[in-house]
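Protein chains in written order, with the numbering used here: chain C, 1 to 362; chain W, 363 to 732.
Rendered as structure tokens:
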């Protein structure tokens with residue numbers, strides 16, 4: 001068992017890697033309606049989810065979700081829960097990869113074939129996803145420590161930009177009276193959703209969070225949520241911001257670092273996010289592989305199975321890429337993913353809660 | 363051991379991503395022309411819509427003042443894309459837009475339209491969103507042709523001027539591409555652009571053009587320009603002239619700040635512009651001995667003058683329904699209505715809004731002599 005700070009890394013990784021893709025697009029669409037209210041509402045809801053989840057799973061030390069299901073429910077029930085989860089986890093890992101392939105192709109290397117870019121990304125993601133739990137967690141720690149400070153620097157730098165329009169941000173704040181809507185709420189809660197990866201990592205990571213983490217997670221989460229949504233508004237303007245296909249990429253292009261070695265912050269930012277997104281996809285797919293493997297109960301689980309499942313995932317992504325011919329389809333798919341995920345997350349937490357109850361009674 | 367080897371090979375693998383993550387396609391620097399500025403004009407005797415000028419820097423080994431070399435290529439076309447493609451057909455190297463930092467619209471064109479040509483600039487990923495926007499007088503092409511003797515690299519004089527790395531002047535307003543775009547879309551602000559006047563071997567930049575959603579509406583005088591620059595709080599240094607008792611005093615300011623306070627809930631809504639100035643006296647024309655009383659008098663006179671100037675320029679802009687300092691944005695930021703209600707209300711409110719200015723001047727010293 002490794003330290004519970006790794007549990008926290010899972011949450012922070014999801015927070016950081018979603019600042020740029022998926023979440024801000026949805027929130028910005030609702031910026032004059034319920035986005036801000038939903039974001040603020042998402043913090044207590046997500047914290048409640050995290051609390052219930054952590055308390056429930058603490059009853060089952062060193063057990064993964066499929067093992068818990070076998071223990072507390074009839075056998076058929078584990079297929080009902082695991083199968084949709086596999087699809088959701090596969091989806092969660094592949095969407096950012098596809099979005100980032102488009103970004104890389106568009107902003108970094110327009111000459112390269114998208115399949116080649118995607119292929120290289122898939123190679124690294126598969127490599128990390130096939131390691132065992134502990135090694136995945138060590139990789140997360142190492143890369144997070146390397147990338148997070150620079151990203152924080154760029155985020156701070158963008159707030160202190162001379163042309164940052166605080167009045168645009170204030171205008172968004174004056175729309176806080178609007179009712180929250182489901183889309184924004186599900187997008188905003190996605191920021192906090194890293195904890196669900198514990199359904200597999202519980203095998204080797206301690207699931208107990210101490211008081212400091214309970215304070216740190218909502219604070220960092222709120223900050224990241226507001227950053228992800230309000231910085232593009234301040235830089236690109238409250239009306240123009242939704243004109244851009246990738247608001248965050250363009251927003252970082254409005255920063256000028258005169259005395260830095262690179263003129264365009266955008267390139268550095270994309271590069272750093274690449275690390276986070278690849279890492280996030282790897283972690284998510286690691287969980288997906290874990291869930292998939294659990295479908296065959298008694299077979300010997302060797303590395304070969306891992307590779308087989310990962311190759312299946314990779315082929316799935318390539319097929320998705322083939323049929324997602326434009327950015328709008330990708331965004332529609334992401335929007336649906338975010339909507340469905342929220343329900344699944346709630347059901348998952350509910351199931352675990354029930355399992356924990358039965359465990360106590362038994 | 364095995365663990366660490368695998369981990370480090372992973373890290374090396376990830377780092378190797380940088381190799382193919384180059385900013386642009388892979389071409390050596392000697393196979394590129396760097397486009398440093400783009401000018402868009404209205405052609406004089408042609409039915410085409412635009413006359414595009416690309417200013418290409420020619421890379422050279424030694425960098426000395428006045429030894430820069432560049433070449434301008436012009437092309438008439440109906441779209442910027444077409445013009446760029448036609449210009450490319452005349453070159454032997456690939457045109458690189460990664461360092462394009464000056465985008466100039468000709469005076470004649472911008473009087474009709476600036477939104478449509480801007481589409482290309484904002485849509486292209488390879489044009490920096492922080493490129494400087496300006497109006498070229500008499501034309502964008504003429505501005506790009508100017509070759510100042512003090513320039514080391516092509517267009518560097520304009521980069522230094524607008525980037526506020528070199529000169530700091532109260533007449534020079536900097537507007538970036540994304541700034542113009544966002545203000546154009548925002549109903550609470552109207553965009554502005556500095557006007558660059560091409561002279562024999564230098565530029566003169568001391569006026570701004572105020573734009574509406576479609577075109578250039580009016581060009582402000584240098585004095586109005588520095589008032590607007592002051593109100594946008596982008597510059598701290600400035601000079602003001604004030605006459606009392608038959609003498610004229612020049613006041614240099616080293617602290618300048620301005621803010622707007624809006625009272626939209628009042629029965630007669632009004633906006634208060636507060637200007638704070640701190641400075642010293644630089645010059646007198648009649649050698650008046652500046653006693654404490656004179657200093658106070660200069661102070662009061664200057665307060666009156668600045669307030670008057672501010673109100674003048676803002677009211678003039680208000681009559682043309684222009685709002686470069688973003689009073690409409692302040693309105694939206696302080697009311698809690700729905701977005702469309704806000705837009706409607708503001709349209710009705712702005713023409714009859716009362717604008718007052720209050721200036722607070724503190725002159726710290728009369729300079730080195732009394």
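The beta carbon of each residue, even a glycine, is placed where N, CA and C say it ideally should be.
Buried/exposed call for residue i, threshold 16 Cβ in 10 Å
i: residue 654(W); result: exposed
i: residue 363(W); result: Since pLDDT at residue 363(W) reaches only 49, below the 50 mark, its modelled position is unreliable, and the value read off the structure follows with that caveat. With fewer than 16 Cβ atoms within 10 Å of its Cβ, residue 363(W) is classed as exposed.
i: residue 350(C); result: exposed
i: residue 183(C); result: buried
i: residue 481(W); result: exposed
i: residue 516(W); result: buried
i: residue 491(W); result: buried
i: residue 83(C); result: exposed
i: residue 102(C); result: buried
i: residue 704(W); result: buried
i: residue 111(C); result: exposed
i: residue 372(C); result: Nothing in the structure corresponds to residue 372(C), since chain C is present only between 1 and 362.
i: residue 145(C); result: exposed
i: residue 76(C); result: exposed
i: residue 622(W); result: buried
First and last residue of the uninterrupted alpha helix (DSSP H) at residue i
i: residue 336(W); result: Any property of residue 336(W) remains undetermined from this structure, which presents chain W solely from 363 to 732.
i: residue 605(W); result: From DSSP, residue 605(W) is part of no alpha helix (DSSP H) but of the beta strand (DSSP E) over 600 to 606.
i: residue 304(C); result: 303 to 323
i: residue 558(W); result: Run containing residue 558(W): none in the alpha helix (DSSP H); it sits in the beta strand (DSSP E), 554 to 560.
i: residue 75(C); result: 75 to 103
i: residue 591(W); result: 584 to 593
i: residue 288(C); result: 265 to 293
i: residue 518(W); result: 518 to 525
i: residue 135(C); result: 133 to 159
i: residue 359(C); result: 327 to 361
i: residue 372(C); result: Coverage of chain C is limited to positions 1 through 362, which leaves residue 372(C) absent and any answer about it impossible.
i: residue 112(C); result: Per DSSP, residue 112(C) belongs to no alpha helix (DSSP H) and is neither H nor E.
When the options are compared against residue i, the one with the closest alpha-carbon
i: residue 359(C); options: 290(C), 186(C) and 67(C); result: 67(C)
i: residue 189(C); options: 137(C), 236(C), 331(C) and 222(C); result: 222(C)
i: residue 238(C); options: 521(W), 613(W) and 550(W); result: 550(W)
i: residue 432(W); options: 513(W), 697(W), 582(W) and 496(W); result: 513(W)
i: residue 510(W); options: 560(W), 459(W) and 587(W); result: 560(W)
i: residue 471(W); options: 641(W), 630(W) and 573(W); result: 573(W)
i: residue 354(C); options: 69(C), 43(C), 247(C) and 18(C); result: 69(C)
i: residue 689(W); options: 157(C), 38(C) and 168(C); result: 168(C)
i: residue 661(W); options: 723(W), 554(W) and 467(W); result: 723(W)
i: residue 197(C); options: 137(C), 324(C), 228(C) and 250(C); result: 137(C)
i: residue 227(C); options: 215(C), 191(C) and 207(C); result: 191(C)
i: residue 251(C); options: 146(C), 20(C) and 11(C); result: 20(C)
i: residue 16(C); options: 163(C), 105(C) and 96(C); result: 96(C)
i: residue 44(C); options: 5(C), 135(C) and 215(C); result: 215(C)
i: residue 595(W); options: 618(W), 711(W) and 453(W); result: 618(W)
i: residue 285(C); options: 5(C), 73(C), 90(C) and 22(C); result: 90(C)
i: residue 503(W); options: 478(W), 435(W) and 474(W); result: 435(W)
i: residue 325(C); options: 93(C), 98(C) and 33(C); result: 98(C)
i: residue 337(C); options: 22(C), 7(C), 5(C) and 1(C); result: 22(C)
Minimum Cβ-Cβ distance from residue i to chain A less than 8 Å
i: residue 326(C); result: Looking for chain A here will not work: the only protein chains present are C and W.
According to DSSP, residues forming a beta bridge with residue i
i: residue 434(W); result: 417(W)
i: residue 638(W); result: 619(W) and 722(W)
i: residue 573(W); result: 578(W)
i: residue 465(W); result: 400(W) and 495(W)
i: residue 716(W); result: 632(W)
i: residue 205(C); result: 2(C)
i: residue 727(W); result: 642(W)
i: residue 256(C); result: 264(C)
i: residue 538(W); result: 494(W)
i: residue 394(W); result: 456(W)
i: residue 566(W); result: 559(W)
Extent of the continuous beta strand (DSSP E) run through residue i
i: residue 458(W); result: 456 to 458
Inset, instruction - Decide yes or no for the touch test of the segment 328 to 336 of chain C against the segment 15 to 30 of chain C: beta carbon pairs closer than 8 Å, at least 3 of them. - result: yes
Inset, instruction - For the segment 173 to 190 of chain C and the segment 694 to 705 of chain W, state whether three or more C-beta atom pairs, one from each stretch, are separated by less than 8 Å. - result: yes
Inset, instruction - Determine contact between the segment 638 to 647 of chain W and the segment 600 to 611 of chain W, defined as no fewer than three beta-carbon pairs at a distance below 8 Å. - result: yes
Legend entry - Contact the segment 492 to 507 of chain W vs the segment 529 to 540 of chain W: 3+ CB pairs below 8 Å: yes
Legend entry - At least 3 beta-carbon pairs within less than 8 Å: the segment 402 to 415 of chain W vs the segment 433 to 452 of chain W: yes
Inset, instruction - Would you check if there are 3 or more beta carbon pairs closer than 8 Å linking the segment 713 to 722 of chain W to the segment 667 to 686 of chain W? - result: yes
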